[in-house]
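Read the structure below first, then the notes.
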Amino acid sequence: MINGVLQRNAIKGRILDATGEPVIGATIKVKGTTNGALSDLDGYYTINAQVGDQLEISYIGYKTRTIKAVQGPNNIILQEDSKNLNEVVVVGFGTQKKVNLTGSVAVVDGKKLTQRPVQSAAQALQGIVPGLQISNSSGGSLESNPSINIRGTATIGEGSSGSPLVLIDGMEGYINTINSQDIESISVLKDAAASSIYGSRAPFGVILITTKSGNKEGKVVVNYNNSFRFSNLIRGKHMMNSVDFATWMNDARTNTGSSVFFENDRMKQIIAYHNATPYTPGVRKADDGTLLYAIPAKPDNSVWQDGYAYGIDDIDWYGIMLFIKRLLLRMNITQV
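In case it helps, the UniProt record's numbering puts the sequence shown at residues 1 to 336.
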């Protein structure tokens, strides 16, 4: 009687790496089936298969190999997957290959950032790195910095906050001060193991930004990018002059039962300066020819140490903050 069920044999062999060391825990699987096995501490394996079956051998960090099962030892040498293992990651104050990493590190290529139609590096990172949350609640003003956290809320308690340490070419900085076009790569160190080299400076993770640099072989490349935006206040406010402000402050203090902030002598100085004729910047001339200064001299000669606290001129801090302009220049010199 002919047996229609093919006989399965115990196919044996050993799995080694390129240096001759055993590969522990490699997966051996009969291709197209769920039949599999693992290599032991010495790299040996045994799997139920037929001679001629295709055996698929895989292991993290190595290239997957497929061989044909034969009688006798089926020894296999796995080659490292250099594409993944040799990828250089910026960690701490240097670089390291992924194969040597034990912490959680995410790497973003600068090319991905340039493909996104955004105005800042922080906006370009949104949605690219798992666990990285970026938000901006300041209305998009030029001087604002986004709120960044890794893997959720960093601290507990009302008003508590914690942001990762941001290093640009090894120097501490702000992520929005760099053009995304200038970024070569970004490494995000997520856990304590990855960011431990920074100690207490990085309890909430680290964002390492490496910028582009020149080389001897490369050609001169010039890129130009331009972006602009317009915005208007819904309700613009006019600033009080110095007299109105001082009067309002004194009324507010009086209404709360406190002593006035500007005494009579100070009020007289403010009113006199306000009614005088402008002479030079910070100086006015009274009707009798007396020169009045925006920051009056003090007996202890500390006028420039904290002079603004004693100033009597009008101020325009509102206008300064409203019409803010920002010009950034980044220079990176590499010795080759």
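Built from N, CA and C at the ideal position, the CB exists for glycine as well. Only a predicted model underlies this, so the values are computations on that prediction, with no experimental measurement involved.
Which residue from the options puts its Cα closest to that of residue i?
i      : options                        : result
Lys190 : Leu55, Gly131, Ser258          : Gly131
Ile77  : Ala10, Met240, Ala26           : Ala26
Ser135 : Val129, Ala122, Val30          : Ala122
Val30  : Val220, Ala18, Thr66           : Thr66
Gln269 : Ala286, Gly110, Thr280, Val260 : Ala286
Ile28  : Asn75, Thr19, Gln71            : Asn75
Ser58  : Gln50, Ser39, Gln71, Val118    : Ser39
Got a sec? Which residues, its chain only, sit under 7 Å from residue i by beta carbon, not counting five neighbours each side?
i      : result
Arg284 : Tyr273, Ala276, Thr277, Pro278, Leu292
Trp304 : Note on Trp304: pLDDT 46, under 50, position unreliable in the model; no value is reported.
Lys68  : Gly52, Gln54
Asn179 : none
Gln71  : Val51
Met267 : Ala246
Measuring only the C-alpha atoms, how far is residue i from residue j?
i      : j      : result
Gln54  : Asp81  : 21 Å
Ile175 : Tyr62  : 36 Å
Ile234 : Ile60  : 58 Å
Ser163 : Phe262 : 41 Å
Asp288 : Val243 : 21 Å
Asn48  : Asn35  : 8 Å
Ser104 : Asp251 : 58 Å
Thr254 : Ala246 : 12 Å
Ser302 : Gly282 : Reliability fails at Ser302, whose pLDDT of 49 lies under 50, so the model's placement of it is uncertain and the value that follows must be treated cautiously. Cα-Cα distance, rounded: 17 Å.
Val221 : Ala294 : 51 Å
Glu56  : Glu21  : 20 Å
Ser120 : Ser258 : 47 Å
Gly43  : Lys111 : 41 Å
Ile24  : Ala37  : 12 Å
Arg151 : Asp265 : 57 Å
Ser147 : Ala192 : 20 Å
Lys219 : Gly32  : 50 Å
Lys237 : Thr280 : 28 Å
Leu167 : Glu217 : 28 Å
Leu41  : Thr64  : 20 Å
Once you ignore the five residues that flank residue i on each side, which residues in its own chain have a CB closer than 8 Å to its CB?
i      : result
Leu165 : Glu172, Ser195, Tyr198, Arg201, Ala202, Phe204, Gly205, Val206, Ile207
Ile271 : Val243
Ala18  : Ile77, Leu78, Gln79, Glu80
Thr256 : none
Thr290 : none
Asp306 : Because Asp306 carries a pLDDT of 44, less than 50, the predicted location of this residue cannot be relied on, and no value is offered for it.
Got a sec? Which residues, its chain only, sit under 6 Å from residue i by beta carbon, not counting five neighbours each side?
i      : result
Pro73  : Gly13
Thr46  : Ala10, Lys12
Ala106 : Val129, Val188
Tyr308 : The pLDDT assigned to Tyr308 is 49, lower than 50, so where the model puts this residue is not dependable, and the model offers no usable value.
Arg116 : Ala124
Val118 : Ala124
Tyr260 : Correcting the residue type first, residue 260 is Val in the shown sequence and not Tyr. Excluding sequence neighbours, Val260 sits near Asn250, Arg253.
Just to confirm before moving on: does the CB-CB distance between residue i and residue j stay below 8 Å?
i      : j      : result
Trp248 : Met240 : yes
Thr114 : Asp169 : no
Asn145 : Gln181 : no
Gln133 : Asn149 : yes
Ile186 : Val108 : yes
Can residue i be considered in contact with the ligand FMN, in the sense that its beta carbon sits closer than 7 Å to one or more heavy atoms?
i      : result
Ser200 : Absence of the ligand FMN is noted for the structure shown, with no ligands found whatsoever.
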